[in-house]
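All residue numbers for the sequence shown refer to the working numbering, where the first residue is 266 and numbers rise by one.
Notes for the one structure printed next.
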Amino acid sequence: MADAVTLTCTWGRSPMPVTGSPQVAYLLVEATPVAAPPVPVPLNFCLVLDRSGSMQGAKLQSMKAATRKVIETLTEQDVVSIVIFDDTVQTLVPATLATDRAALLAAIDTISEAGGTAMSLGIQAGQTELQKHLGPDRLSHMLVLTDGQTWGDEETCRNIARSLGQANVRITALGLGAEWNEQLLDDLAEFSDGNSDYIADPNQIGTFFQRAVRSAQGTAATDARLLLRLVREATPRAVYRATPTISNLGYQPIGENEVSVRLGDLVYGQTASVILDMMLPNRSSGSFRIAQAELHLALIGVEPEQVIKQDVLLSFTADPATPAFEPRVMNLVEKVTAFKLQTRALAEAELGNTSGATQKLRAAATRLLDLGELDLAEKTRQQADQLEQGQQLSAETQKELKYATRRLTQKLEE
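Below you can see the structure in the form of structure tokens.
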């Protein structure tokens, strides 16, 4: 069954030139499920929805429409629950099979806005519903949507997310508008091997909800982990996720020449890939084994854990006319670099280092322009100008730049 997922390793430049000294190289490692599931994986799916007063109007109507669409997308084998929260909490739909669609849709119609925001009450109630159907026969997911700050219970939220992660529950944490705590939602996702994202326009809620449900239904494998064993003197410098979204994986160095990273769940129709930035030792002309890649994963419905191995070879040449760059890999490297510059710029702006933030924003804008991301490049340039003039970045601008660069590679997968 290991052939249900392919493991592919591609160098950013091959062959490499013989230089007589160590040099930087980029390796793209991709894991791709190769077959569609015969039937969607049964889900244990909980929606935890903010219905506070700030959600009134278009936000609430779009959220309700998106939730109705989720119900229509689920199968009769799926278990669904719906929790709504403000500064109180209500379990609108206790965990139940998604068979009586009319009753579920009628319940959604009753949602109205009220009160403040206490997210921990919502996700705690959601955890209670999910626990009723935890088990190996279902994939458990929680979708959280909020448009506001939750005050005083952030650590409670994080602790619940850790507990859910330990129970193999994935959290998709979505922030609507500009006023929510992005660090908190990012943490909820990270602690559960889930995802976090920014929704600028209420009309986009349905797109994000559908993406979450479709990804859950298309899960091919869970707990995928990549282990790279490098030859002596080959040194890892950084590992970034490239697709489906960009992130710094904060790789775990097992030893000087071994790297382990978590890929999380693998989804049909998507490629999970990482870019390894490494320093290679000097080599003479010829072909050499640089690393061995091992992909460990749990295929849905298959025991025990599967392991896919591949030797990673690289050729070196003394012919200066021969070495060539692989455009697809280097394009991903450039997008990852734009993400790194953007992330560091926002961090420095928050610390008050205007000069450093401005410099990195301009560098990111240049790379984005070269990549053809014209709108994002212009927005990034404008923010550099704004900082240089002594103005602060708005919360909305920071979220837009952060999550837009994180999604730079999604177009390759859609």
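Note that the Cβ used here is the ideal one computed from N, Cα and C, for glycine as well.
Judged by their CB atoms, D343 and L395 are not nearer to each other than the 8 angstroms cut-off. If you compare the alpha carbons of L641, G483, L404, P359 with that of E665, the shortest gap goes to L641. A507 is not a Cβ neighbour of R278, given a cutoff of 8 angstroms. Every alpha helix (DSSP H) of 4 residues or more that sits fully in the stretch 375 to 443 is shown, in chain order, as 384 to 396, 419 to 431. For Y668, the enclosing alpha helix (DSSP H) has its first and last residue at 660 to 671.
If you compare the alpha carbons of L578, K644, R527 with that of L633, the shortest gap goes to K644. Contact between the stretch 312 to 326 and the stretch 339 to 358 is present: 3 or more CB-CB pairs across the two stretches fall below 8 angstroms. A contact between stretches requires three or more CB pairs, one per stretch, nearer than 8 angstroms, and the stretch 400 to 415 meets this requirement with the stretch 376 to 389. About 12 angstroms separates the beta carbon of P501 from that of L492, a gap too long to meet the 8 angstroms contact definition. In the three-state reduction of the DSSP assignment, A583 falls in the coil class. According to the DSSP assignment, L636 belongs to no beta strand (DSSP E), since it is labelled neither H nor E. Put simply, the stretch 287 to 297 does not touch the stretch 439 to 450. Fewer than three CB pairs are less than 8 angstroms apart. When secondary structure is reduced to three states using DSSP, L616 falls in the helix class.
Per the C-alpha coordinates, the member of R403, S346, V504, T421 positioned closest to A432 is R403. Fully enclosed alpha helix (DSSP H) runs of no fewer than 4 residues occupy 323 to 338 of the stretch 298 to 360, in order along the chain. Per DSSP, the beta-bridge partners of I573 are L560.
Boundaries of the beta strand (DSSP E) harbouring I540: 537 to 545, taken from the DSSP string.
Judged by DSSP in its simplified three-state form, A486 adopts strand.
If you check the CB distance, M595 and A290 do not come in under 8 angstroms. In the structure shown, A622 adopts helical secondary structure according to DSSP, grouped into three states. The C-alpha of T608 lies about 41 angstroms from the C-alpha of T361. Residue burial annotation: R497 is exposed, with fewer than 16 other C-beta atoms found within 10 angstroms of its C-beta. Beta bridge pairing from DSSP links A290 with M543. Taken through DSSP and simplified to helix, strand or coil, L531 comes out as strand. DSSP places A507 inside the beta strand (DSSP E), whose first and last residues are 500 to 508. Secondary structure note for D462: its beta strand (DSSP E) is the uninterrupted segment 460 to 464. Pairing T484 with D530 gives a Cβ-Cβ distance under 8 angstroms. For the pair R671 and F604, the CB atoms are nearer than the 8 angstroms cut-off. Selection C274, T271, V270, P280 evaluated against A586 yields P280 as nearest (Cα-Cα). Under the three-state reduction of DSSP, N468 is assigned to helix.
A residue is called buried when at least 16 other Cβ atoms come within 10 angstroms of its Cβ; V526 meets this threshold and is buried.
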